[in-house]
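Protein chains in written order, with my numbering: chain A, 1 to 250; chain B, 1 to 292.
The structure under discussion appears below in the form of structure tokens.
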Amino acid sequence: MNKLDANNVNVFYGSNKVIKDVSISIKQNTVTAFIGPSGCGKSTFLRLFNRMNDYIDTFKMEGKIEIDGSNIYDKQIRVEELRKQIGMVFQKPNPFPKSIYENVIYGLRIQGIKDKKILDESVEQSLKQAALWDEVKDKLKDSALALSGGQQQRLCIARTLAVQPTVILMDEPASALDPISTAKIEDLIYQLKSKYTIVIVTHNMQQAGRISDKTAFFYMGELVEYDETKTIFTNPKQERTLNYVTGRFG
Amino acid sequence: MPRIKEKVIEVGLASAAVITILTTIGIIWVLLSQTIDFFSDVSIVDFLTDTQWTPLFADKHFGILPLVAGTFLTTFIAILVALPVGLTIAVYLNEYAPKSFRKIIKPLLEILAAVPTVVYGFFALSVITPFLQSIIPGMAGFNALSSGIVMGIMIIPLITSLSEDALFAVPKSLREASYGMGSTRLQTAFKVMVPAASSGIIVSVILGISRAVGETMIVAIAAGQQPRLTMNPLVPIETITTYIVQVSTGDVAHGSLEYKTIFAAGMALFVFTFILNNISYWIKKKFQEKYE
Ligand SMILES: Nc1ncnc2c1ncn2[C@@H]1O[C@H](COP(=O)(O)OP(=O)(O)OP(=O)(O)O)[C@@H](O)[C@H]1O
Ligand SMILES: [Mg+2]
Numbered sequence: 001m002n003k004l005d006a007n008n009v010n011v012f013y014g015s016n017k018v019i020k021d022v023s024i025s026i027k028q029n030t031v032t033a034f035i036g037p038s039g040c041g042k043s044t045f046l047r048l049f050n051r052m053n054d055y056i057d058t059f060k061m062e063g064k065i066e067i068d069g070s071n072i073y074d075k076q077i078r079v080e081e082l083r084k085q086i087g088m089v090f091q092k093p094n095p096f097p098k099s100i101y102e103n104v105i106y107g108l109r110i111q112g113i114k115d116k117k118i119l120d121e122s123v124e125q126s127l128k129q130a131a132l133w134d135e136v137k138d139k140l141k142d143s144a145l146a147l148s149g150g151q152q153q154r155l156c157i158a159r160t161l162a163v164q165p166t167v168i169l170m171d172e173p174a175s176a177l178d179p180i181s182t183a184k185i186e187d188l189i190y191q192l193k194s195k196y197t198i199v200i201v202t203h204n205m206q207q208a209g210r211i212s213d214k215t216a217f218f219y220m221g222e223l224v225e226y227d228e229t230k231t232i233f234t235n236p237k238q239e240r241t242l243n244y245v246t247g248r249f250g
Numbered sequence: 001m002p003r004i005k006e007k008v009i010e011v012g013l014a015s016a017a018v019i020t021i022l023t024t025i026g027i028i029w030v031l032l033s034q035t036i037d038f039f040s041d042v043s044i045v046d047f048l049t050d051t052q053w054t055p056l057f058a059d060k061h062f063g064i065l066p067l068v069a070g071t072f073l074t075t076f077i078a079i080l081v082a083l084p085v086g087l088t089i090a091v092y093l094n095e096y097a098p099k100s101f102r103k104i105i106k107p108l109l110e111i112l113a114a115v116p117t118v119v120y121g122f123f124a125l126s127v128i129t130p131f132l133q134s135i136i137p138g139m140a141g142f143n144a145l146s147s148g149i150v151m152g153i154m155i156i157p158l159i160t161s162l163s164e165d166a167l168f169a170v171p172k173s174l175r176e177a178s179y180g181m182g183s184t185r186l187q188t189a190f191k192v193m194v195p196a197a198s199s200g201i202i203v204s205v206i207l208g209i210s211r212a213v214g215e216t217m218i219v220a221i222a223a224g225q226q227p228r229l230t231m232n233p234l235v236p237i238e239t240i241t242t243y244i245v246q247v248s249t250g251d252v253a254h255g256s257l258e259y260k261t262i263f264a265a266g267m268a269l270f271v272f273t274f275i276l277n278n279i280s281y282w283i284k285k286k287f288q289e290k291y292e
């Protein structure tokens, strides 16, 4: 069964149509990469899945977005509940100006969980999953802002994992990081696949090639091609895709 | 020729700066010399510990405490009113209100800040006091409570504006992170945005205190001009500033001991606000380091 489905989706900012009739189906426990030139609508499309565009005054959407078969833009859906299920990691690491510990348990705190044992366990487990535990286990009470950029991003991933989502959306999660930190994040994504469904926006072709099962190529608001990653990079059906992945434009 | 013009402008600007500095030095000099003079007649221990302030009576006492108490009481009430209201408005404007609404409400608040304090004073005396008297029987016609409340109203725009700036300066990415994990607007506002802006908000409160401590007209009109060492907000009191106005506008002979009391009181006030401003400056600097 499909984890995520988009059916004939259009998105407007005011009168500007930025997503044009896009349909896509994403399977559970896969990594899907969104690629395409700057401004083609990757972030906008990604943020549809956790309704993060809702705060933009001029935003308007048509079509249907489903998770596990139910429409997330339905009136009965509580956005807060949806976002506990669909976590998000942003381009720039954005830890809260709080301790490492408080960052990880933020999502649990807002759910009203106070039991220290549960919180402690969640911190250890989430940080281990995010491959950060060994580096920070002795300084959990220190400010998260004192960590390096790469560590901060893994902390943000840990923070997202602590809420136990089933889907994780990532918008260029490694673009602000050095190569070593990037490699760590890529490893991490690869490991998380067994438990989560991951959708990642990236500008880095090699990265998309290394970590994703399927790749979607967007161009000027259209989904040009969506296929196995291998096919997209070696034998795409569309000429525009070929030109983009071989670096001839974009 | 443009070089000469440049020079003239430069000298003009520099002398403006120098005049400001000289004025400040002059004020401090007058305050200091008169205060030293004052303390050659009155012991500084009495000044700081005596519980009565009666320089204008036959039985003279020079204890600053009743005036400090009056100042503290009205200031405390003012902040009690201004902080919750100001912060709520700031949070509302920054987290909830549509941009268009924000554009309307901000200038409106500026107007509130532009009302002359004498108007606030009469508002306290002729509207707030009668209203409070109808709820609280036995409340005096002049009292700390209504002056404090109105002073709070006066400070609301200051607290709102500075807190709003502080909230606005918090990176938008923190708000997104919070929403992304399933927070409501309220949780995002008070668990993420307000804590992240806390140093700026503290600065706004300190400047608000500073403003309240120095406020003169409202208390002169509505608080009663009776130095009294009390924390009871329902009876007449006097603040440092009011006392200074009372003596400077009265018929006390220049150079007399009574006259010099206003410099001692002024010095106390100066030290007070000087410390407050320095604390806020220090916090502001720490705050800037954190986000750069
Ligand atoms: N808040 C907004 N208001 C109006 N227009 C917007 C807004 N955000 C994005 N857009 C427009 O929507 C289009 C798609 O933007 P989007 O950020 O989704 O592109 P992107 O593919 O993620 O680009 P990049 O690779 O640079 O991140 C662009 O033309 C952009 O100018
Ligand atoms: Mg983007």
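Note that beta-carbon positions come from the ideal geometry of N, C-alpha and C, so glycine has one too.
Note that the coordinates shown come from a computational prediction; the quantities given were computed from them, not determined experimentally.
Beta-bridge pairing of residue i - partner residues as DSSP gives them
{"i": "Ala220/B", "result": "Beta-bridge pairing links Ala220/B to no other residue."}
{"i": "Lys13/A", "result": "Lys is not the amino acid found at residue 13/A; the sequence shown has Tyr there. Partner(s): Asn16/A, Phe59/A."}
{"i": "Met170/A", "result": "Val89/A, Ile200/A"}
{"i": "Ala216/A", "result": "Phe34/A, Tyr226/A"}
{"i": "Leu269/B", "result": "BP columns for Leu269/B are empty, so no partner."}
{"i": "Phe62/B", "result": "Trp53/B"}
{"i": "Ala6/A", "result": "Ile24/A, Ile65/A"}
{"i": "Asn71/A", "result": "Glu66/A"}
{"i": "Ser99/A", "result": "Ser143/A"}
{"i": "Ile237/B", "result": "Gly224/B"}
Beta-carbon neighbours of residue i, restricted to chain A and to distances below 7 Å
{"i": "Gln133/B", "result": "In chain order: nothing, as chain A lies at least about 44 Å away."}
{"i": "Val192/B", "result": "Phe96"}
{"i": "Ser173/B", "result": "Phe90, Lys92, Asn94"}
{"i": "Glu6/B", "result": "Here the premise fails: no neighbours, minimum Cβ distance about 44 Å."}
Limits of the unbroken beta strand (DSSP E) element including residue i
{"i": "Thr58/A", "result": "From DSSP, Thr58/A is part of no beta strand (DSSP E); its letter is neither H nor E."}
Residue of the options minimising C-alpha distance to residue i
{"i": "Glu95/B", "options": "Tyr73/A, Ile56/A, Asp115/A", "result": "Ile56/A"}
{"i": "Leu46/A", "options": "Arg248/A, Thr229/A, Leu223/A, Asn235/A", "result": "Leu223/A"}
{"i": "Ser248/B", "options": "Lys260/B, Thr51/B, Gly141/B", "result": "Lys260/B"}
{"i": "Glu176/B", "options": "Glu228/A, Glu62/A, Lys92/A, Gly14/A", "result": "Lys92/A"}
{"i": "Leu82/A", "options": "Pro173/A, Val167/A, Glu186/A", "result": "Val167/A"}
{"i": "Met139/B", "options": "Lys60/B, Asn232/B, Asp37/B", "result": "Asn232/B"}
{"i": "Ile64/B", "options": "Met154/B, Ile279/B, Thr241/B, Asn277/B", "result": "Thr241/B"}
{"i": "Leu119/A", "options": "Leu127/A, Ile105/A, Gly112/A, Ala130/A", "result": "Ile105/A"}
{"i": "Leu174/B", "options": "Gly70/B, Asp165/B, Ala189/B, Thr160/B", "result": "Ala189/B"}
{"i": "Val182/B", "options": "Lys195/A, Ile77/A, Ala33/A", "result": "Per the sequence presented here, residue 182/B reads as Gly, with Val not at that position. Cα-wise, what sits closest to Gly182/B is Ile77/A."}
{"i": "Thr51/B", "options": "Thr117/B, Pro227/B, Ser210/B", "result": "Pro227/B"}
{"i": "Leu127/A", "options": "Ser143/A, Met1/A, Leu145/A, Gln151/A", "result": "Gln151/A"}
{"i": "Ile19/A", "options": "Thr32/A, Asn2/A, Asn53/A, Asn29/A", "result": "Asn53/A"}
{"i": "Ile262/B", "options": "Leu22/B, Val30/B, Ala17/B", "result": "Val30/B"}
{"i": "Asp165/B", "options": "Gly180/B, Ala144/B, Ile149/B, Ile202/B", "result": "Ile202/B"}
{"i": "Ile153/B", "options": "Leu93/B, Tyr179/B, Ile218/B", "result": "Ile218/B"}
{"i": "Asp5/A", "options": "Phe12/A, Arg210/A, Ile26/A", "result": "Ile26/A"}
{"i": "Gly221/A", "options": "Gly36/A, Cys40/A, Lys3/A, Ser23/A", "result": "Cys40/A"}
{"i": "Gln206/A", "options": "Ser38/A, Phe34/A, Asp21/A, Phe49/A", "result": "Phe34/A"}
Chain C contact for residue i (CB, 8 Å cutoff)
{"i": "Arg240/A", "result": "Among the chains of the structure shown, chain C does not appear; the protein chains present are A and B."}
Proximal residues of chain B, C-beta to C-beta of residue i below 7 Å
{"i": "Tyr106/A", "result": "Met181"}
Partner residues on chain B for residue i, Cβ-Cβ distance less than 8 Å
{"i": "Val163/A", "result": "Met181, Gly182"}
{"i": "Arg154/A", "result": "Ordered by position in chain B, no residue passes the 8 Å Cβ test against Arg154/A, which lies about 14 Å from the chain."}
{"i": "Asp213/A", "result": "Per Cβ cutoff of 8 Å: no residues; Asp213/A is ~24 Å from chain B at best."}
{"i": "Thr160/A", "result": "Gly180, Met181"}
{"i": "Gly87/A", "result": "Gly180, Met181"}
{"i": "Asp57/A", "result": "Pro98, Lys99"}
Contact list for residue i against chain B, beta-carbon separation under 9 Å
{"i": "Asn50/A", "result": "Tyr179, Gly180"}
{"i": "Lys266/A", "result": "Residue 266/A is absent from the structure shown; chain A starts at 1 and stops at 250."}
{"i": "Glu81/A", "result": "Gly182"}
Interface residues of chain A facing residue i [CB-CB closer than 8 Å]
{"i": "Ala212/B", "result": "None at all; the shortest Cβ gap to chain A is about 29 Å."}
{"i": "Gln187/B", "result": "Ile110"}
{"i": "Leu196/B", "result": "Per the sequence shown, residue 196/B should be read as Ala rather than Leu. What Ala196/B touches in chain A: Phe96, Pro97."}
Continuous alpha helix (DSSP H) stretch holding residue i: start and end
{"i": "Thr20/B", "result": "2–41"}
{"i": "Val205/B", "result": "198–214"}
{"i": "Pro107/B", "result": "99–114"}
{"i": "Thr293/B", "result": "In the structure as shown, chain B begins at 1 and stops at 292. Residue 293/B is therefore absent and cannot be evaluated."}
{"i": "Arg175/B", "result": "172–180"}
{"i": "Glu121/A", "result": "116–129"}
Any non-hydrogen atom of ligand 4 closer than 7 Å to residue i Cβ
{"i": "Thr166/A", "result": "In terms of ligand content, the structure shown lacks ligand 4 and carries ligand 1 and ligand 2 instead."}
Chain-ordered neighbours of residue i on chain A, where CB pairs are closer than 9 Å
{"i": "Glu176/B", "result": "Met52, Tyr55, Met88, Phe90, Asn94"}
Given a limit of 8 Å on CB to CB distance, which residues of the region 141–169 of chain B reach chain A?
none
In chain order, what residues of the region 77–107 of chain B put their CB closer than 8 Å to some CB of chain A?
Pro98, Lys99
Along the region 122–151 of chain A, what residues have a CB closer than 8 Å to any CB found in chain B?
Leu145
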